[in-house]
Amino acid sequence: MAPAWVLLDRFVDMFPLDGDEESEDSGGEESIPAGMWSVKPNPQVADPPGISSFPLLISRKAMNQVRHAMVVCASKNLVVFLTGEYYPINYRPGCYLIYDAIHDSLTPVPHVPGPDSLLAIGSGTSVISFGGSGSNAFVLAELLMTDVRKFPEEAALFTWWSTAVVTPSGYTAADWMKEKVTLPPEVRTPTYFFVSDMAFSFGESCLCWVDLLMGILICDLVPSRDQPFLSKKEKDPPRFRSIPLPEECSIDISNRHRPIMSVFRSVSYAGGAIKFLTMEGYDEDWPAEEMKLTTWKLSPDLSEWKKGPVCALRDIWASDKYIAMGVPQLCPICPVLSVLDDDVVWVVMNDADLADHVEGVHSELKIKTQYFLSIDMRHKQVLSITQFHPQTLIDPVPNLMACEFGAYLERSKVRQVVYDTQHAYYYIYFHFKCTILLTQLHVPQFFNFWCLFLVPSPLYLMSKD
Numbered sequence: 001m002a003p004a005w006v007l008l009d010r011f012v013d014m015f016p017l018d019g020d021e022e023s024e025d026s027g028g029e030e031s032i033p034a035g036m037w038s039v040k041p042n043p044q045v046a047d048p049p050g051i052s053s054f055p056l057l058i059s060r061k062a063m064n065q066v067r068h069a070m071v072v073c074a075s076k077n078l079v080v081f082l083t084g085e086y087y088p089i090n091y092r093p094g095c096y097l098i099y100d101a102i103h104d105s106l107t108p109v110p111h112v113p114g115p116d117s118l119l120a121i122g123s124g125t126s127v128i129s130f131g132g133s134g135s136n137a138f139v140l141a142e143l144l145m146t147d148v149r150k151f152p153e154e155a156a157l158f159t160w161w162s163t164a165v166v167t168p169s170g171y172t173a174a175d176w177m178k179e180k181v182t183l184p185p186e187v188r189t190p191t192y193f194f195v196s197d198m199a200f201s202f203g204e205s206c207l208c209w210v211d212l213l214m215g216i217l218i219c220d221l222v223p224s225r226d227q228p229f230l231s232k233k234e235k236d237p238p239r240f241r242s243i244p245l246p247e248e249c250s251i252d253i254s255n256r257h258r259p260i261m262s263v264f265r266s267v268s269y270a271g272g273a274i275k276f277l278t279m280e281g282y283d284e285d286w287p288a289e290e291m292k293l294t295t296w297k298l299s300p301d302l303s304e305w306k307k308g309p310v311c312a313l314r315d316i317w318a319s320d321k322y323i324a325m326g327v328p329q330l331c332p333i334c335p336v337l338s339v340l341d342d343d344v345v346w347v348v349m350n351d352a353d354l355a356d357h358v359e360g361v362h363s364e365l366k367i368k369t370q371y372f373l374s375i376d377m378r379h380k381q382v383l384s385i386t387q388f389h390p391q392t393l394i395d396p397v398p399n400l401m402a403c404e405f406g407a408y409l410e411r412s413k414v415r416q417v418v419y420d421t422q423h424a425y426y427y428i429y430f431h432f433k434c435t436i437l438l439t440q441l442h443v444p445q446f447f448n449f450w451c452l453f454l455v456p457s458p459l460y461l462m463s464k465d
């Protein structure tokens, strides 16, 4: 049985496709490289703490053009890959691939078109599923800057509405649509402007871009009075809204470079709420024993953060399982919130030495052992510890994301079972009726028997189209 949620490695391996099946490429989009229509998904899912991966089987012809692939975002049954160079306006071969776990399908989407002046805001790709359970409709979005000097007054939102989706304008469009948008002024200060570290979606039409230093930018693709953040007095509700992170989580970087925020922070949508996780003190020179993991939960009306459970590193180190495993007192990195279990956090710990080369001129970390922990924040206890040795360890600073597509793989299997059952039923029914007809026509019995094997069912013929 597929897991309800997985920890997915964003880095994607590509392997040659047996037989180089490229028969579907002839009718494809010109801007999509040859061979990309025949890419086969090969998800390798595992229950956490196992790390899931998503290799792609790709033709050798396409591999000669497309050298890179990574997971850029996910939502429910959808996983979005970006193949080729990122980001996102480029003229090198590549495209997006939208994987639908329910239908076990990959849909190629061309890169965003546009002038060279368009600039990325970071990880600007987001996706949302439309049409309810079982639908293969989706909207892919890219949020970009048009001019740094005019940001945020001027920005561009590109959306690709799948053919199964009706756009707000009332027509279907399987093409990129560009819209000039104005973002909230809060996304830029005199010394800093919004940089997206990650993106996700929630509800029926809301896309979110997250700056783990500043806050969350929400876009409602289909503005409605039913949306929680719209005031009743607003005649023309804004499509974008900025939500700052909790005030006590602010970090001053005015005199230094922006740190890699995903090393000690993350945001997710789980249990019907947006949640924020941070490791206080990690980037502020706190003593390790005083650092603490802290969770926050955004109110349903998206107006207020409520502080959740807090777990100090000393509590983790003092946990029975931690002591029993003999794990050194290490600092966790890359925290990820579980999308299934409330108040459960997953972290990575590296037991490493600093190896010197050329008499100390160059040095690098040498990982001796890597640990993957799940932590019950409310009870301040380590629930599980998985140990990786050098030959099996994941990346020292892993790029993991929690997503739910694994749960939808089961639906795909159920759909196939239902289809096969219906197929068998109609096959038997059809040949039963044929047998009665042939009997009434006084056809010899032996010929009647062979008709069961020689006459194909209508459903089979339909499936061959």
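With full-length UniProt numbering as the guide, the letters of the sequence shown map in order to residues 1 to 465.
Ideal Cβ positions, reconstructed from N, Cα and C, are used throughout, including at glycine.
Small disclaimer: the values here were computed from a predicted structure and weren't measured.
Taking a cut-off of 8 angstroms for Cβ pairs, the stretch 183 to 196 and the stretch 51 to 68 do not touch, as fewer than three such pairs fall below it. His-103 and Asn-136 have their C-alpha atoms some 8 angstroms from each other. Spanning the alpha carbons of Met-291 and Phe-15 requires a straight line of approximately 42 angstroms. When the beta-carbon positions are compared, Val-181 and Ala-155 come within less than 8 angstroms of each other.
Spatial neighbours of Ile-274 in its own chain (CB-CB distance under 6 angstroms, excluding positions within 5 residues in sequence) are listed in chain order as Leu-298. By the C-beta density criterion, Met-1 is exposed, having fewer than 16 other C-beta atoms within 10 angstroms.
Two segments are said to touch when three or more pairs of C-beta atoms, one from each, lie closer than 8 angstroms; by this definition the stretch 116 to 123 touches the stretch 135 to 152. Between Val-109 and Leu-8, the C-beta gap is not smaller than 8 angstroms, which leaves the two residues out of contact. Contact annotation: Val-6 and Gly-406 have beta-carbon atoms nearer than 8 angstroms.
Nearest Cα to Leu-245 within the set Phe-81, Glu-404, Phe-276: Phe-276. Here Ser-250 has no same chain residue with a Cβ atom under 7 angstroms from its own Cβ, once five neighbours each way along the sequence are excluded.
Counting only the Cα atoms, Pro-33 lies some 53 angstroms from Ile-323. Taking C-beta separations shorter than 6 angstroms and ignoring five residues to either side along the sequence, the partners of Ala-312 in its chain run Lys-292, following chain order. Lys-380: not part of any alpha helix (DSSP H); DSSP gives it neither H nor E. Cβ neighbours of Pro-396 within its own chain (closer than 7 angstroms, five residues either side excluded): Asn-350, Leu-365, Ile-367.
Per the coordinates, the alpha-carbon of Phe-151 lies some 37 angstroms from the alpha-carbon of Pro-55. In the same chain as Ser-105, and ignoring 5 residues on each side of it, no C-beta atom comes closer than 6 angstroms to its own. Between Pro-49 and Phe-372, the gap from beta carbon to beta carbon is short of 8 angstroms.
Residue state for Phe-54 is assigned as coil, using DSSP reduced to three classes. According to the DSSP assignment, Ala-312 belongs to no alpha helix (DSSP H) but to the beta strand (DSSP E) extending over 305 to 312. If you check the CB distance, Ser-196 and Trp-209 come in under 8 angstroms. The beta carbon of Pro-259 is closer than 6 angstroms to those of Asp-283 in its chain, skipping five residues each way along the sequence. Going by DSSP, Asp-320 is part of the alpha helix (DSSP H) stretching over 320 to 325. DSSP, read as helix, strand or coil, puts Gly-215 in strand. Minimum Cα-Cα distance from Leu-212 among the listed residues Trp-296, Pro-328, Cys-95 corresponds to Trp-296. Taking the Cα positions, Arg-256 is about 12 angstroms away from Tyr-192. The alpha-carbon separation between Ser-254 and Pro-41 amounts to approximately 44 angstroms. The criterion of a C-beta distance shorter than 8 angstroms is not satisfied by Tyr-269 and Phe-194. Spatial neighbours of Met-377 in its own chain (CB-CB distance under 8 angstroms, excluding positions within 5 residues in sequence) are listed in chain order as Leu-293, Thr-295, Gly-308, Pro-309, Val-310, Cys-311, Asp-343, Val-344, Val-345. Note: Asp-9 is bridge-paired with Leu-400 in the DSSP secondary-structure output. Within the DSSP secondary-structure output, Pro-244 pairs in a beta bridge with Gly-215. In the displayed model, Asp-18 falls within a helix according to three-state DSSP. In this structure, the straight-line span from the alpha carbon of Pro-43 to that of Leu-17 is close to 15 angstroms. Rounded to whole angstroms, the Cβ separation of Val-112 and Ile-98 is 14 angstroms, and the two are not in contact under 8 angstroms.
When DSSP reads this structure, Ser-129 sits in a beta bridge with Phe-138.
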